[in-house]
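Numbering (the numbering used here), first residue to last: -16 to 637. For every residue, glycine included, the Cβ atom is placed at its ideal position computed from N, Cα and C.
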């Protein structure tokens, strides 16, 4: 192999590097190394003039390898590689030595040590650059279709954006209807807009959109493939009612003799065994709850089928497996409400007049179980004295440390609505009120002015009168430094936080996504890539990624849709050649690599030898280091390249 002609460019980064590292000494130390054809420094190599210098020197001196000593590759590796491409040089014969974060910033009090370390790093980079190969990127076509998992407001918003842009969308929802939790909310804060008035038109738009295929009562069962070419298997539960035939007339429900607590109403009222979740449900069709059905034959019941003039009921309906191919995936699985029974001191599920925010939300709805009246569940009388307790299941060492972000404003909204409607006495115990959004602080202030009492402090105990079921709330006011006792309370409302849904575990496993310690799906970067996952082509949106209000949820959903459009709009995507390769002559077919690959990128071919899918492989090197036969090599990070760096360092310190 002919001697490489390496160009070394050292960046000052203003005073970030040059203020600590002796640039002249670094240049002097590396200029005579074999293979180094040019050494140059510049104040900002990443700037346009700096990039032009790089391009000019590559052409002028016929450089075939580049080392740039500058900041972290995370910052400007792509910048420098693009400049090399423009000069006609492969971007993969480039090595970046990080002498800012690794030298000047952490050794700012020891200039000599920082300079010595910078010299070592540049020498090691030169040693590796001599062995780098001009690898070639490969391209794969990308399908112009998207799978969206979850059809709450996040999934709906993303689906409409993609559908309107002309992309095919498969919207998968595990419930019988789309809409998510927002469909159960009465009003939105701080404007008190009707939640269903905002949401249901968009639900209807999804149901009739020519580019959106809605698949309800379904969950993702399996995902194979890679960015641009995902093969998805969806498992759909039987509905026992034909969506194409059902007219939503309700005749079947009228004759059903079974009453079951209604999940949509948080068990505050009842539904039939054959039912529609709520009036504006999409799809607008009934479903049969076979677990609570008395029996489908005429001897036991069968009344619903007899009543259905359209013939839509199919007792023989079976579970279906649906297979689709998509280019991108958006995960919008939403959230679950914290189970307040875990906080035993508050008596939830023990005292009938202790409820949570979601239950009060249904009471406030004019279409809800109490027609808009907030009542005591034990006798259905209007509640005249109400106590809210904030941060139940949030900001708590025993449950969840994070803030759920919507509880404070939901409690303030409900208190304002009840106060305005009935004049009830309302007390809100809080730790800190989080009114962070647009118009939130003003809404809180106006609610306090309307007569809602805010008490800073925790509630320590709730007692119940066994005869009247009235409650006594004991706590403290930390601002006054006094204990607080509120007697004859009709209703205690627990401001329950949000938790990651059970579906998050399953989805993260199927898609190979990471979860944060609190169970929500992990984004690639909280600031710069807040809707990207670590897996190319898979995005997260809404509460699936963490607690947030409706505006932030919609904004994130639209960002995820834009990310998916950006990928699919290219038609093809480039795959960086960092993937591992297998020497079949050495491979024993032991499959150790398959068991340890975190990206499921390795399979066995028809010759019983390991084979790496370049589109799935991230070049992490796990398989390379564990292969007992030494049959796997990581391109761009070969054993020879790494050994050369180590040997260069050791030779300089003998």
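From residue 408 to residue 371, what does the alpha carbon distance come to, in whole angstroms?
Counted from its first residue, the chain shown places residue 408 at position 425. Counted from its first residue, the chain shown places residue 371 at position 388. Roughly 11 Å between the two C-alpha positions.
If we count the other Cβ atoms within 10 Å of its Cβ and call it buried at 16 or more, is residue 268 buried or exposed?
Working through the chain shown from its first residue, we reach residue 268 at position 285. With 16 or more other Cβ atoms within 10 Å, it is buried.
What is the DSSP secondary structure of residue 231, reduced to helix, strand or coil?
The residue labelled residue 231 in the question sits at position 248 within the chain shown. In this structure, residue 231 counts as coil in the three-state DSSP scheme.
Would residue 96 pass as an interface residue toward chain C - the criterion being a Cβ-Cβ separation below 8 Å?
The structure shown has no chain C; it contains just one protein chain.
Whole angstroms is fine: what's the gap from residue 122's alpha carbon to residue 63's?
Position 139 of the chain shown, counted from the first residue, corresponds to residue 122. Position 80 of the chain shown, counted from the first residue, corresponds to residue 63. Distance between the alpha carbons of residue 122 and residue 63: 21 Å.
Which one of 263, 119 and 235 has the shortest CA to CA distance from residue 247?
For the purposes of this step, residue 247 is identified with residue 264 of the chain shown, where counting begins at 1. Nearest of 263, 119 and 235 to residue 247, Cα basis: 263.
How about residue 86: is its Cβ closer than 7 Å to a heavy atom in the ligand GTP?
Looking for the ligand GTP in the displayed structure turns up nothing, as the structure carries no ligands at all.
Hey, could you find the ends of the beta strand (DSSP E) residue 526 is sitting in?
For the purposes of this step, residue 526 is taken as the residue at position 543 of the chain shown. Run containing residue 526: none; DSSP gives neither H nor E here.
Determine the DSSP secondary structure at residue 306, reduced to helix, strand or coil.
On the chain shown, residue 306 is found 323 positions in, with the first residue counted as 1. Three-state DSSP puts residue 306 in a strand.
Are residue 219 and residue 139 closer than 8 Å when you measure CB to CB?
Locating residue 219 in the chain shown gives position 236, counting from the first residue. Locating residue 139 in the chain shown gives position 156, counting from the first residue. It is not a contact, given that the beta carbons lie outside the stated cut-off.
Which two residues bound the contiguous alpha helix (DSSP H) that contains residue 31?
For the purposes of this step, residue 31 is identified with residue 48 of the chain shown, where counting begins at 1. Unbroken alpha helix (DSSP H) run through residue 31: 31 to 44.
What did DSSP end up calling residue 505 once you bin it into helix, strand or coil?
On the chain shown, residue 505 is found 522 positions in, with the first residue counted as 1. Residue 505 falls in the coil class under three-state DSSP.
Closest to residue 402 by C-alpha separation, out of 373, 419, 387 and 368, would be which residue?
Within the chain shown, the letter at position 419 stands for residue 402. Of the listed residues, the one whose Cα sits closest to residue 402 is 368.
Residue 47: buried (16+ other C-beta within 10 angstroms of its C-beta) or exposed?
If you number the chain shown from 1, residue 47 lands on position 64. Burial call: buried.
Please list the terminal residues of the continuous alpha helix (DSSP H) segment that includes residue 290.
On the chain shown, position 307 is the one that residue 290 refers to. Start and end: 286 to 290.
Taking contact to mean 3 or more Cβ pairs, one atom from each stretch, closer than 8 Å, check whether the region 25 to 34 and the region -8 to 10 are in contact.
At 8 Å Cβ cutoff, the stretches touch.
To the nearest angstrom, report how far apart residue 638 and residue 175 are at their CA atoms.
Past the boundaries of the shown model lies residue 638; the chain is included only from -16 to 637, so the question cannot be answered.
Could you please give the first and the last residue of the uninterrupted alpha helix (DSSP H) stretch that includes residue 21?
Taking the chain shown and counting its residues from 1, the one referred to as residue 21 is at position 38. It is not in any alpha helix (DSSP H) - residue 21 instead sits in the beta strand (DSSP E) that spans 19 to 25.
Check the C-beta distance from residue 154 over to residue 188 and give it rounded, since I have them as a contact under 8 Å.
In the chain shown, counting from the first residue as 1, residue 154 sits at position 171. In the chain shown, counting from the first residue as 1, residue 188 sits at position 205. The pair is not a contact, with the Cβ atoms about 12 Å apart (cut-off 8 Å).
What separation, rounded to the nearest whole angstrom, lies between the Cα atoms of residue 702 and residue 545?
The requested residue 702 does not occur in the structure, where the chain is confined to residues -16 to 637.
According to the Cβ coordinates, are residue 161 and residue 197 closer than 8 Å?
Here the question's residue 161 lines up with position 178 in the chain shown. Here the question's residue 197 lines up with position 214 in the chain shown. Closer than 8 Å, so yes.
Measuring alpha carbon to alpha carbon, tell me which residue in 529, 602 and 586 is nearest residue 208.
Working through the chain shown from its first residue, we reach residue 208 at position 225. Of the listed residues, the one whose Cα sits closest to residue 208 is 586.
DSSP three-state label for residue 423, please.
Translated into the one-based positions of the chain shown, residue 423 becomes position 440. Of the three classes helix, strand and coil, the one that applies to residue 423 here is helix, per DSSP.
What are the residues that DSSP puts in a beta bridge with residue 683?
Residue 683 lies beyond the range of the chain shown here (-16 to 637); nothing can be said about it.
Nearest to residue 501 by alpha carbon, out of 481, 492, 509 and 449?
Residue mapping note: residue 501 aligns to position 518 of the chain shown, counting from 1. Per the Cα distances, 481.
Out of curiosity, what's the CA-to-CA distance linking residue 316 and residue 193?
Walking along the chain shown from the start, residue 316 turns up at place 333. Walking along the chain shown from the start, residue 193 turns up at place 210. Distance between the alpha carbons of residue 316 and residue 193: 23 Å.
Quick one: what's got a C-beta closer than 7 Å to residue 221's C-beta in the same chain, skipping five residues either side?
Working through the chain shown from its first residue, we reach residue 221 at position 238. Cβ within range, chain order: 300, 301 and 302.
What does the Cβ neighbour count give for residue 12, buried or exposed, with the cut at 16 atoms within 10 Å?
Within the chain shown, numbered from 1, the residue matching residue 12 stands at position 29. Burial call: buried.
On the DSSP bridge list, what partners appear for residue 515?
Stepping through the chain shown from its first residue, residue 515 is reached at position 532. According to DSSP, residue 515 bridges with 522.
Going by C-alpha to C-alpha distance, which of 530, 84 and 539 sits closest to residue 57?
The count along the chain shown starts at 1 and reaches residue 57 at position 74. Measuring from the Cα of residue 57, the nearest candidate turns out to be 84.
With three or more beta-carbon pairs closer than 8 Å as the criterion, would you say the region 58 to 78 touches the region 37 to 46?
These segments touch.
Out of 547, 576 and 15, which one is the CA nearest neighbour of residue 314?
Your numbering for residue 314 matches position 331 in the chain shown. That would be 547, whose Cα lies nearest to the Cα of residue 314.
Touching or not, the region 561 to 573 and the region 589 to 607, by the rule of three or more beta carbon pairs under 8 Å?
Yes: at least three Cβ pairs fall under 8 Å.
Between the Cα of residue 312 and those of 496, 200, 329 and 323, spot the shortest distance and give me the residue it belongs to.
Here residue 312 corresponds to residue number 329 of the chain shown, with the count starting at 1. The option with the nearest alpha carbon to residue 312 is 496.
Mark residue 338 as exposed unless 16 or more other C-beta atoms lie within 10 angstroms of its C-beta, in which case mark it buried.
Walking along the chain shown from the start, residue 338 turns up at place 355. Its Cβ being crowded by 16 or more others within 10 Å, residue 338 is buried.
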